[in-house]
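Beneath this line is the structure, given in structure tokens, with notes to follow.
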Amino acid sequence: MAIRGKTFELPSTISETIYQYMKKAIINREFKPNQRLQEKEIAKLFNVSSTPVREAFFRLAAEDYLVIDARKQVLVKEKTLEEVKELYEVVRALDIFASKKAINILTIKDIDELKRMTKKLGEYYKKRNIQNYLQQNLKIHDTVWQSCGNKFLYETLSNLMEKISMYRMGNEFSPFSEPHALEKSYRDHLKLLKAIESKNIVELEKLVSAHWGEEFFLEKRDDSNEKS
6 MAIRGKTFEL
16 PSTISETIYQ
26 YMKKAIINRE
36 FKPNQRLQEK
46 EIAKLFNVSS
56 TPVREAFFRL
66 AAEDYLVIDA
76 RKQVLVKEKT
86 LEEVKELYEV
96 VRALDIFASK
106 KAINILTIKD
116 IDELKRMTKK
126 LGEYYKKRNI
136 QNYLQQNLKI
146 HDTVWQSCGN
156 KFLYETLSNL
166 MEKISMYRMG
176 NEFSPFSEPH
186 ALEKSYRDHL
196 KLLKAIESKN
206 IVELEKLVSA
216 HWGEEFFLEK
226 RDDSNEKS
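Residue numbers for the sequence shown follow my numbering, beginning at 6 and rising by one.
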């Protein structure tokens, strides 16, 4: 809303406020998988009627954060490895689309920023700082996605990564816990940066397609098979 050149942010509805609070709590594991949520308790917390709470429940259930069973019980959805694999498949497809759109939008300044971020990624890689490497890796992807020029595409990718993060936090899972996966990821990022800088869409698509690989999930199992 703008009045005489000033912009004012309209307040969220109470349902939106409850939705955002609950979504954040689920992602941050404040609400545990399979935990039952009580409508009356949430309503009491916000000092509201049950209606906005129910609206938030239905919205979160539609987005696969909650499950409402046959007895109308509301449970926090538990992510499985198979679901995360499927999420990665969708991320791969959408990342290709977003990166191809972004490559012709990114400015020299944007590319310089990606170079700086990739250099920092390299520092974490050399130190084998897995947690910081993972966060920096996600920031690089997020920067490219934000530049794709399609806010709905960006929001979809962000939501998918939030759901993957839920599994990772709950299962202490890191896609870069094995040296091979970490090395592949870093090599990919160096090549991706070159493809973006040269605006090589064919190479970019090939790299992104191979970037989200199954080695994230199979590395430990393969190692154990080799040792047995």
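Ideal placement from N, C-alpha and C gives every residue a C-beta, glycine not left out.
- The C-alpha of Pro-180 lies about 21 Å from the C-alpha of Ser-104.
- Met-171 is positioned such that its CB atom lies closer than 8 Å to that of Ile-32.
- Below 8 Å, enough C-beta pairs join the segment 140-154 and the segment 104-121 to call them touching: three or more.
- Boundaries of the alpha helix (DSSP H) harbouring Val-149: 135-151, taken from the DSSP string.
- When secondary structure is reduced to three states using DSSP, Arg-121 falls in the helix class.
- Closest in alpha carbon position to Arg-34, among Leu-198, Pro-57, Lys-168 and Leu-111, is Lys-168.
- In the three-state scheme derived from DSSP, where H, G and I count as helix and E and B as strand, Val-96 is classed as helix.
- DSSP, read as helix, strand or coil, puts Val-53 in coil.
- Judged by their CB atoms, Thr-123 and His-194 are nearer to each other than the 8 Å cut-off.
- Contact between the segment 68-85 and the segment 37-47 is established, with three or more Cβ pairs separated by less than 8 Å.
- Contact holds between the segment 19-32 and the segment 50-57, because three or more Cβ pairs, one in each stretch, are under 8 Å apart.
- For Lys-28, the number of other beta carbons within 10 angstroms of its own is at least 16, and it is reported as buried.
- Looking from the CA of Asn-205, the closest CA among Trp-150, Leu-162 and Leu-111 belongs to Leu-111.
- For Ile-73, the enclosing beta strand (DSSP E) begins and ends at 71-73.
- Here Leu-99 is not near Leu-198, since their CB atoms are 8 Å or more apart.
- Annotation for Val-53: Ile-19 place their beta carbon closer than 7 Å to its own, counting only its chain and skipping 5 residues before and after.
- Out of Lys-196, Leu-165 and Ser-203, the CA that lies nearest to the CA of Val-95 is found in Leu-165.
- The three-state reading of DSSP puts Leu-198 in helix, counting H, G and I together.
- Counting of Cβ neighbours within 10 angstroms places Gln-78 among the exposed residues, the total staying below 16.
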